[in-house]
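This report refers to the structure that appears directly beneath it.
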Amino acid sequence: MPFKFHGGVHPNYMKAPDTPVTVITPPPQVVVPMAQHIGAPCKPLVAVGDTVTMGQKIGENPAPVSAPIHSPVSGKVIAIEPRPHPLGDNIPAIVIENDGLDTPCTDLAPLTEAELQDQEAILTRIREAGIVGMGGAMFPTAFKIRGGLGKVDTLIINGAECEPYLNGDHWTMKLHPEELLKGIQLARIASGLDKAYYGIEKNKQDAIDLLNSYNPAQYGVEIVPENVKYPQGAEKMQIKAITNREVKPGGLPAGVGANVISTQTAYAIYRACYEGVPCYQRILTVAGSAIGESHNLQCRVGTPFRYIVEQIGGFKKEPKKIVLGGPMMGLIASNIDAVNIKGTAGILFFTEEEDRTVENPTCIHCGQCLQVCPMKLEPVYMYKYFQKRDFEKMQEYHILDCFECGSCSFNCPGRLPLTHTFKTAKLLFAARAAEEKARAEAAAKEAEAKKAEKEAETK
Amino acid sequence: MTKKEYTFDAGYQPQVRAKRGTTQIMLDVIIALIPALCVGVWQFGFAALLPVATSIAACVFFEWAYRKLLHKPSTIGDLSAVLTGLLLSFTLPANAPWWLPVIGGFFAIVIVKQLYGGIGKNFLNPALAGRAFLFASYAMLMTQWVTPNGLKGTAVDAITMATPLSSMKAGVALPEYFTVANMFLGKMPGCFGEISAAALILGGLYLICRKVITWHIPVCFIGTVALVSLIFGGGPEYSNVDWMLANLLSGGLMLGAIFMATDYSTSPVTFKGRCIYGIGCGLLTVIIRRFGGYPEGVSFAILIMNCCAWFLDQLTKRRQFGVSKEDVKAMKAAKKAAKKEAKEAGA
Chain A
236 MPFKFHGGVH PNYMKAPDTP VTVITPPPQV VVPMAQHIGA PCKPLVAVGD TVTMGQKIGE
296 NPAPVSAPIH SPVSGKVIAI EPRPHPLGDN IPAIVIENDG LDTPCTDLAP LTEAELQDQE
356 AILTRIREAG IVGMGGAMFP TAFKIRGGLG KVDTLIINGA ECEPYLNGDH WTMKLHPEEL
416 LKGIQLARIA SGLDKAYYGI EKNKQDAIDL LNSYNPAQYG VEIVPENVKY PQGAEKMQIK
476 AITNREVKPG GLPAGVGANV ISTQTAYAIY RACYEGVPCY QRILTVAGSA IGESHNLQCR
536 VGTPFRYIVE QIGGFKKEPK KIVLGGPMMG LIASNIDAVN IKGTAGILFF TEEEDRTVEN
596 PTCIHCGQCL QVCPMKLEPV YMYKYFQKRD FEKMQEYHIL DCFECGSCSF NCPGRLPLTH
656 TFKTAKLLFA ARAAEEKARA EAAAKEAEAK KAEKEAETK
Chain B
-15 MTKKEYTFDA GYQPQVRAKR GTTQIMLDVI IALIPALCVG VWQFGFAALL PVATSIAACV
45 FFEWAYRKLL HKPSTIGDLS AVLTGLLLSF TLPANAPWWL PVIGGFFAIV IVKQLYGGIG
105 KNFLNPALAG RAFLFASYAM LMTQWVTPNG LKGTAVDAIT MATPLSSMKA GVALPEYFTV
165 ANMFLGKMPG CFGEISAAAL ILGGLYLICR KVITWHIPVC FIGTVALVSL IFGGGPEYSN
225 VDWMLANLLS GGLMLGAIFM ATDYSTSPVT FKGRCIYGIG CGLLTVIIRR FGGYPEGVSF
285 AILIMNCCAW FLDQLTKRRQ FGVSKEDVKA MKAAKKAAKK EAKEAGA
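Line by line, the protein sequences are chains A and B.
Number 326 in our numbering belongs to position 91 of the first sequence; there are no gaps in the numbering.
Number 224 in our numbering belongs to position 240 of the second sequence; there are no gaps in the numbering.
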């Protein structure tokens, strides 16, 4: 039985679990950004004019928190230049002209039977295949697992998919159940554990039954059906649901002995180890009122949004917003020429229809934000003290523990921009901390200089 | 081929929101008050709707006019002024003259609500403050109880009559109509909207089901009144059970506990705070009724507790996710130790 967490909301899920996955033919030109993970961006390994094969490593950075990037198609490198990144400004990207042949790269061979049981071999392969958290956080998976070694006693696979609209994880379970279980087994071996838990929300009962029919126990996996409630798929809620442990404020999941990796990440691990295929494609959902019906697509990394929309029949209505990921925690993109990356679980094109902002948001002090906050914070007071810019009080109300799930804003009858405010507040806190650090450093330098001066004088 | 250019909004996270806004919540409260309104009309006739209508009209007008004069965006669309007007009229005798709620509405909307910044910012419940103002200014008009239709033609036929609470205050025997069934259905004298406990409880259940209010305040409030009045009784003239029933079912307790004390901006937001607030309201109600100068104490009890709402929120801050009871204890101990050390160092 999963453990319950406080609060949460029930958004209109808008899911289309029965729409089959369509494979999008790779575009004539792919644009592969050199940053598709948290950590050090990659440096290109190829030059303009080089021919590359599908799956060839084209970007790398030796830093531990990083993940190499592979070519999603075969063809010719025609440019290396800054291009629009989905999450903001232009950043360096490799533009490859697709020759349409999909000539596979043979650099990564499938692991041997012995290697499939070897922790180090699997971890090396996860890193080499450029696997990152495909739920959206894009944290390099190899680093995550390595960081937890010795501390983590519970490996959790996140199959909640609690965000509205998204179906990618659900379809991965339905299309590749056995491969998925094998992938989880590999992640479990890599973490040095005997058992892994796979938390899936009960609204995916068909997938739960299918996975159970493959006898997950033989892979050391237990399926845990979970209650349908947003944000069940948040890392901290997932750990609470399965282990009843609560991650300490400011702490890491590994601090309570748990690691969470997402469904498509586990599948990517399977592909990398059993088939020798690096991480360059994923299943994502394209939806929203500008699109009309939801589309579940299997799509290569580096496909421009404009191309994807053209492939599924164009816009039905003029889009007003592009949301990357789910609508609750998803980030806003501002350029339709940006491309999908490893962590893009969904691309939503919204019109005014989804918009419920009002001109004069007013707090009526109803306290519903307290009732839905999964972190048991008090958003109403955090918001009030933010408006006064009272940083001490904001800290007293633990504003830094907010993980921006959006539940309070979602439910707020006064339509306050709560989550947005807390995000801004956290940035201000970071800026203040940096400023203070700089000031302290400057003061220390000055003191040293004075000291040196004095010493010089006495001499 | 030229590519079509699009411009996109920035937008706040999250990009989707629940349907229910302030207006829907206020509408839900208004719906919850309809049973009590019907009982009022049943017992006092259609003439009793006049003060209700003028009350609503006055509150909406004052809200609109104030914001218009100060060039602020209009807020009458959120229905909170309608609700204030409705609640104010519920706390007046059924035969109140039409202009009485207009004065009360002015005090409630302009002085109590808008001068403090409008919806969500007032620290006193506007309807109750309006009632208290009228009570202080027109005590006679506010305490004349017209005989309800349900009791007409009985032995107690009269134009005005005493409520159970005022009988008890006077120390005289409880009136003849004092039966649980009568008081539950509303066959007793009293303010327009407060007479039927059944109708008000029905509305309260609707609000709890719709998650407009939580159970904490009404249950703690009513529970405290029941418990305290049962244990301590009202003096030698009455049995403890009679005293408790009179306390529970007559006067404004149900209306106050379910609709007034749960007013958002004037009550705490934490569950613990709400419980303490409810208990405080209950205690004050019994104390005022038993020892105070007035027969009725609900409105003053709530107004006094309104002033403590912010303090109660501060007092009952929640333990956030990931912090266990032991953690809190350890933090407190560490703070104490640090203080002690600082003291010793100072000495």
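The beta carbon of each residue, even a glycine, is placed where N, CA and C say it ideally should be.
Review point. Is there contact between the region 248 to 255 of chain B and the region 174 to 182 of chain B, where contact requires at least three CB pairs shorter than 8 Å?
Key: Between the region 248 to 255 of chain B and the region 174 to 182 of chain B, the count of C-beta pairs closer than 8 Å stays below three; the two stretches do not touch.
Review point. Candidates A:E295, A:G368, A:V367 and A:T288: which alpha carbon is nearest A:I331's?
Key: Taking only the C-alpha atoms, the option nearest A:I331 is A:T288.
Check your understanding: When the distance is taken between beta carbons, is A:P276 closer than 8 Å to A:I293?
Key -> At least 8 Å separates the beta-carbon of A:I293 from that of A:P276.
**Study point:** Minimum Cβ-Cβ distance from B:I103 to chain A less than 8 Å
**Key:** yes
**Study point:** Contacts that B:Y(-10) makes with chain A (C-beta to C-beta distance below 7 Å)
**Key:** Under the 7 Å cutoff, chain A gives P554 and I571.
Check your understanding: Thinking just about the alpha-carbon of each residue, which of A:Y618, A:G581 and A:A328 is nearest to the one in A:A660?
Key -> A:Y618
Point to revise | Own chain partners of A:V387 with C-beta closer than 7 Å, once the 5 adjacent residues on each side are dropped | key: S426, A489, G492, A493 and N494
**Study point:** B:M(-15) at chain A interface by Cβ criterion, 8 Å
**Key:** Annotation note: pLDDT 47 at B:M(-15) (below 50); position unreliable, coordinate value reported separately. Output row for B:M(-15): interface = no.
Point to revise | Cβ neighbours of A:I326 in the same chain (closer than 8 Å, five flanking residues each side left out) | key: P268, M269, A270, P276, P317, R318 and H320
Exercise for review: Let me know if B:S249 comes out buried or exposed under the rule of 16 or more other beta-carbons within 10 Å of its beta-carbon.
Suggested key: buried
**Study point:** Candidates A:D625, A:E594 and A:L635, of which the one nearest A:K611 by Cα
**Key:** A:L635
Point to revise | Inter-residue CB distance, A:D334 and A:G371 (contact presumed, cutoff 8 Å) | key: So it is not a contact: roughly 31 Å between Cβ atoms.
Practice item. Express the C-alpha separation of A:C608 and A:T520 in angstroms, rounding to a whole number. Key: 27 Å
Exercise for review: Would you list, in sequence order, the uninterrupted beta strand (DSSP E) runs of no fewer than 3 residues that lie entirely inside the region 418 to 477 of chain A?
Suggested key: 431 to 436 and 456 to 461
**Study point:** Any non-hydrogen atom of the ligand GDP within 7 Å of B:R302 CB
**Key:** Judged by which ligands are present, the structure shown has none, so any question about the ligand GDP falls away.
Check your understanding: Which chain B residues sit within Cβ distance under 7 Å of A:H600?
Key -> G104, Y248, S249 and V253
Check your understanding: Going by the beta-carbon positions, is the gap between B:P173 and B:T131 smaller than 8 Å?
Key -> yes
Point to revise | Among B:A42, B:A245, B:P85 and B:N79, the one whose alpha carbon lies nearest that of B:V25 | key: B:N79
Exercise for review: Give the DSSP-derived three-state secondary structure of B:D141 in the structure shown.
Suggested key: Here B:D141 scores only 45 on pLDDT, less than 50, and its place in the model should not be relied on; the value that follows carries that caveat. Under the three-state reduction of DSSP, B:D141 is assigned to coil, being neither helix nor strand.
**Study point:** CB contact below 8 Å: B:V96 versus chain A
**Key:** no
Review point. Is any beta-carbon of chain B found at less than 8 Å from that of A:S524?
Key: no
Exercise for review: Tell me where the beta strand (DSSP E) around A:S497 begins and ends.
Suggested key: A493 to S497
**Study point:** C-beta neighbour in chain A for B:A139, strict 8 Å
**Key:** Reliability fails at B:A139, whose pLDDT of 44 lies under 50, so the model's placement of it is uncertain and the value that follows must be treated cautiously. No, its Cβ sits nowhere closer than 8 Å to a Cβ of chain A.
**Study point:** Cα-Cα separation, A:D253 to A:V593
**Key:** 35 Å
Review point. Mind checking if A:D636 is an interface residue toward chain E, Cβ cutoff 8 Å exclusive?
Key: Looking at the structure shown, chain E is missing, and the protein chains on hand are A and B.
Practice item. Identify the continuous beta strand (DSSP E) that holds B:F168 and give its terminal residues. Key: No beta strand (DSSP E) contains B:F168, which is instead part of the alpha helix (DSSP H) from V164 to L169.
Point to revise | is_contact[B:D(-7), chain A] using C-beta, thresh 8 Å | key: yes
Review point. Using the rule of at least 16 other Cβ atoms within 10 Å of the residue's Cβ for burial, across every protein chain shown, is B:H55 buried or exposed?
Key: exposed
**Study point:** DSSP beta-bridge partners of A:H209
**Key:** Residue 209 of chain A is absent from the structure shown; chain A starts at 236 and stops at 694.
Review point. Can you round the beta-carbon distance between B:V94 and B:F46 to whole angstroms, since I take them to be within the 8 Å contact cut?
Key: 5 Å
Review point. Which parts of the region 24 to 106 of chain B are runs of the alpha helix (DSSP H), unbroken and 4 residues or longer, counting only runs that do not cross its ends?
Key: 33 to 53, 64 to 74 and 84 to 90
Review point. How would you write the range of the alpha helix (DSSP H) that B:P148 sits in, first residue to last?
Key: P148 to A154 is the span of the alpha helix (DSSP H), which, as asked, contains B:P148.
Practice item. Use the C-beta contact count for B:G330: other C-beta atoms within 10 angstroms, 16 or more gives buried, fewer gives exposed. Key: Exposed, since its Cβ has fewer than 16 Cβ neighbours within 10 Å.
**Study point:** Simplified DSSP state of A:K278, which is helix, strand or coil
**Key:** strand
Exercise for review: Could you please give me the residues that DSSP links to A:V367 through a beta bridge?
Suggested key: Residue pairing from DSSP places A:V367 in a beta bridge opposite A:P375.
Point to revise | 8 Å Cβ cut-off: residues of chain A touching B:P57 | key: Neighbours of B:P57 on chain A, chain order: E594 and N595.
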